[in-house]
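**Student:** The opening position of the sequence shown corresponds to residue 42 in the working numbering, with each subsequent residue numbered one higher.
Positions of the beta carbon are idealized from the N, C-alpha and C atoms, including for glycine.
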Amino acid sequence: MDERVREHAEVLVDWSARVEAGDDVVLAVGPDAHELAVAVAEALGERGANLLATYSSGEITRAYLRAHDGEFDENPAHELTLVENADVYLSLGGGRNTSATADVPGKTRQAYSSARDEIREARMDTRWVSTVHPTRSLAQQANMAYEEYQDFAYDAILRDWEALAEEMGRMKDVLDEGSEVRLVSRGTDLTMNIEGRTAVNSAASVAYDSHNLPSGEVFTAPYATEGKVTFDVPMTLHGESVRNVRLEFEDGEVIDYDAEQGEDVLTEILETDAGARRLGELGIGMNRGIDRYTDNILFDEKMGDTIHLALGRAYDSNLPDGESGNDSAVHVDMITDVSEDSRLEVDGTVVQRNGRFRWEDGFE
């Protein structure tokens with residue numbers, strides 16, 4: 042076993058999920074994440090946790106959804122009970138086909154997602170963390186050799202997370218103290234209200250309200266969005282390629298949209314429910330260990346010189362106690378490159394220009 046696999050498992054179990062003796066852990070394993078699952082199981086055993094492993098496959102999901110009549114039972118008790126009784130939920134991505142569910146009808150996907158809202162809420166009440174094992178399918182999607190992709194992935198995952206958390210804390214402070222954010226770049230002039238919100242320093246650990254490994258972003262939950270935004274970073278949504286998305290907002294809601302490619306997927310997302318037309322997240326990428334786009338949102342949204350916005354659900358970690366944010370069955374991130382001809386303002390002060398933060402060398 043590549044020693045980096047064991048390092049990945051140790052970071053996931055110790056830094057990210059903070060697993061302790063006696064924790065009940067659900068481990069959802071993708072088809073080609075077997076090696077990482079073995080290393081994680083070993084780490085969990087050494088720490089005295091209780092392990093239940095499940096198999097998570099895009100091909101299985103496709104077969105089930107295509108065969109189903111679309112009238113799904115709401116929150117099946119056997120799955121809900123499992124998640125409600127878990128302390129930790131670890132998802133190890135690593136499928137054989139990144140487009141395995143591309144031919145599942147959109148209405149079926151929407152119905153399935155909407156029928157599992159309580160399960161989704163229960164999972165998010167655990168110390169959940171999602172990560173991926175570098176696989177050949179992900180390397181192919183990133184247009185990289187497998188060995189090259191392994192190096193790329195581990196450069197992003199095996200970081201000095203404490204040092205990065207300290208750096209990202211500066212951006213969190215700016216957002217926490219701010220009221221209005223304005224993003225200006227090619228095809229974009231967007232304002233968002235963030236007053237009363239709490240930004241998350243997403244340092245790949247539940248201790249920071251962060252649930253992805255790798256991570257490396259600071260995010261908050263905006264509202265009252267006005268203006269237009271263009272997402273120029275290619276992405277795959279629901280197994281289909283989506284390119285050059287444009288959204289226009291008025292009174293916080295999408296009133297017009299188009300896409301150079303994949304507009305049907307965008308329509309499907311926006312029609313999921315009322316909350317799907319509003320923003321749930323503003324995220325600022327700060328992981329400079331990620332140095333190229335790979336068509337994998339887990340990595341791409343954390344990349345330095347990028348900003349991403351998510352349609353749909355807002356995370357409770359950004360909201361004051363007792364306050365509800367934007368609610369939706371979806372949370373779909375889209376990314377814009379801010380390395381050139383761009384600026385990010387908070388209350389009229391430029392905090393990032395052309396990808397550089399005001400405390401970094403090269404900021405002008």
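1) Under three-state DSSP, which class holds residue 209?
2) Under the three-state reduction of DSSP, which class applies to residue 168: helix, strand or coil?
3) Could you check which residue in 390, 91 and 56 has the C-alpha nearest to that of residue 65?
4) Residue 295 bridges to which residues according to DSSP?
5) Count the other C-beta atoms from every protein chain shown that fall within 10 angstroms of the C-beta of residue 213, then say buried if there are 16 or more, exposed otherwise.
6) What three-state label does DSSP hand residue 130 in the structure shown?
7) Looking only at C-alpha atoms, which of 363, 218 and 63 sits nearest to residue 89?
8) Per DSSP, which one or two residues make a beta bridge with residue 281?
9) Would you report the Cα separation of residue 341 and residue 382, rounded to the nearest angstrom?
10) With distances taken from CA atoms, which of 330, 151, 250 and 300 is nearest residue 168?
11) Looking at C-alpha atoms only, which residue of 207, 269 and 196 is the closest neighbour of residue 225?
12) Restricting to Cα atoms, I'd like to know which of 116, 132 and 373 is closest to residue 125.
13) Would you call the segment 351–369 and the segment 226–234 in contact, with 3 or more CB pairs under 8 Å?
14) On the DSSP letters alone, give me the boundaries of the alpha helix (DSSP H) that residue 107 sits inside.
15) If you compare alpha carbons, which of 181, 83, 166 and 205 is closest to residue 344?
16) By alpha-carbon positions, which one of 80, 275 and 132 ends up nearest to residue 333?
17) List the residues that DSSP assigns as beta-bridge partners of residue 234.
18) By a C-beta neighbour count over all protein chains shown, 10 Å radius and 16 as the cutoff for buried, is residue 130 buried or exposed?
19) At what residues does the alpha helix (DSSP H) containing residue 308 begin and finish?
20) Based on DSSP bridge pairs, tell me the residues matched to residue 372.
21) Can you tell me the Cα-Cα spacing of residue 146 and residue 318, whole angstroms?
22) Tell me which residue opens and which closes the beta strand (DSSP E) that residue 153 is part of.
23) Note down, in chain order, each residue of its chain lying with its Cβ closer than 7 Å to the Cβ of residue 113, except the 5 sequence neighbours on either side.
24) Give a yes or no on whether the minimum CB-CB distance between residue 225 and chain C is below 9 Å.
25) Between residue 295 and residue 198, is the Cβ-Cβ spacing less than 9 Å?
26) Report the rounded CA-to-CA distance for residue 207 versus residue 325, giving the unit in angstroms.
27) Taking 8 Å as the cut-off, does the segment 250–265 touch the segment 170–183 (at least 3 CB pairs, one atom from each stretch)?
28) Could you give the DSSP three-state label for residue 348: helix, strand or coil?
29) Looking at residue 133: is its Cβ nearer than 9 Å to the Cβ of residue 183?
30) Have a look at residue 76 and residue 391 and give me their C-alpha separation to the nearest angstrom.
31) Exposed or buried, residue 309, counting other C-beta atoms within 10 Å across all chains shown (16 or more means buried)?
32) What's the call for residue 108, buried or exposed, on a 16-neighbour Cβ count within 10 Å?
33) Mark residue 380 as exposed unless 16 or more other C-beta atoms lie within 10 angstroms of its C-beta, in which case mark it buried.
34) Measure the beta-carbon distance from residue 349 to residue 368 and round it to whole angstroms, keeping in mind my assumption that it falls under 8 Å.
35) Here's the rule: buried if 16 or more other CB atoms are within 10 angstroms of the residue's CB, otherwise exposed. What is residue 364?
**Tutor:** Looking at the atomic coordinates:
1) Numbered from its first residue, the sequence shown carries residue 209 at position 168. Note: residue 209 maps to helix in three-state DSSP.
2) Numbered from 1 along the sequence shown, position 127 holds the residue referred to as residue 168. Strand.
3) The residue given as residue 65 occupies position 24 in the sequence shown. Comparing Cα positions, the closest option is 91.
4) Here the question's residue 295 lines up with position 254 in the sequence shown. Partner(s): 290.
5) Counting from one through the sequence shown, the residue named residue 213 turns up at place 172. Residue 213 is buried by the Cβ-count criterion.
6) As a position in the sequence shown, residue 130 is number 89, starting the count at 1. Residue state, collapsed to three classes: strand.
7) For this step, residue 89 is matched to residue 48 along the sequence shown. Nearest C-alpha to residue 89: 63.
8) The residue given as residue 281 occupies position 240 in the sequence shown. Per DSSP, 278.
9) By one-based count along the sequence shown, residue 341 stands at place 300. By one-based count along the sequence shown, residue 382 stands at place 341. The straight-line gap from Cα to Cα measures roughly 20 Å.
10) One-based indexing of the sequence shown puts residue 168 at position 127. When only C-alpha atoms are compared, the closest one is 250.
11) Within the sequence shown, numbered from 1, the residue matching residue 225 stands at position 184. Taking only the C-alpha atoms, the option nearest residue 225 is 269.
12) Residue 125 sits at position 84 when you count from the first residue of the sequence shown. Selected option, being the one with the closest Cα: 116.
13) no
14) Reading the sequence shown from its first residue, position 66 is the one you call residue 107. Unbroken alpha helix (DSSP H) run through residue 107: 99–108.
15) In the sequence shown, the residue the question calls residue 344 occupies position 303. When only C-alpha atoms are compared, the closest one is 205.
16) By 1-based counting over the sequence shown, the position of residue 333 is 292. Closest option to residue 333, Cα to Cα, is 275.
17) Along the sequence shown, read from residue 1 onward, the residue named residue 234 stands at position 193. In DSSP, residue 234 forms a bridge with 221 and 264.
18) Within the sequence shown, the letter at position 89 stands for residue 130. The residue is buried, with at least 16 neighbouring Cβ atoms inside 10 Å.
19) To locate residue 308, count along the sequence shown from 1; it is residue 267. Looking at the DSSP string, the run of the alpha helix (DSSP H) that includes residue 308 is 304–311.
20) Here residue 372 refers to the residue found at position 331 when the sequence shown is read from its first residue. In the DSSP output, where bridge partners are listed per residue, residue 372 has 353.
21) The residue given as residue 146 occupies position 105 in the sequence shown. The residue given as residue 318 occupies position 277 in the sequence shown. So the two alpha carbons sit approximately 20 Å from each other.
22) Here residue 153 is taken as the residue at index 112 of the sequence shown, counted from 1. Per DSSP, residue 153 belongs to no beta strand (DSSP E); it is in the alpha helix (DSSP H), 147–155.
23) Position 72 of the sequence shown, counted from the first residue, corresponds to residue 113. The residues are 152, 153 and 156.
24) The structure shown contains no chain C, having only a single protein chain.
25) To locate residue 295, count along the sequence shown from 1; it is residue 254. To locate residue 198, count along the sequence shown from 1; it is residue 157. No; because the gap between Cβ atoms is not below 9 Å, this pair is not in contact.
26) Along the sequence shown, one-based indexing puts residue 207 at 166. Along the sequence shown, one-based indexing puts residue 325 at 284. When rounded, the distance between both Cα atoms is 15 Å.
27) yes
28) Here residue 348 is taken as the residue at index 307 of the sequence shown, counted from 1. The answer is strand: DSSP assigns residue 348 an E or B state.
29) In the sequence shown, residue 133 corresponds to position 92, counting from 1. In the sequence shown, residue 183 corresponds to position 142, counting from 1. Their beta carbons are not under 9 Å apart, which means residue 133 does not touch residue 183 by this criterion.
30) Taking the first residue of the sequence shown as 1, we reach residue 76 at position 35. Taking the first residue of the sequence shown as 1, we reach residue 391 at position 350. Their Cα atoms are separated by approximately 45 Å.
31) For the purposes of this step, residue 309 is taken as the residue at position 268 of the sequence shown. By the 10 Å Cβ count, residue 309 comes out buried.
32) Working through the sequence shown from its first residue, we reach residue 108 at position 67. Label assigned to residue 108: exposed.
33) Residue 380 sits at position 339 when you count from the first residue of the sequence shown. By the 10 Å Cβ count, residue 380 comes out exposed.
34) By one-based count along the sequence shown, residue 349 stands at place 308. By one-based count along the sequence shown, residue 368 stands at place 327. About 20 Å; that fails the 8 Å criterion.
35) Against the sequence shown, residue 364 aligns to sequence position 323. Its Cβ having fewer than 16 others within 10 Å, residue 364 is exposed.
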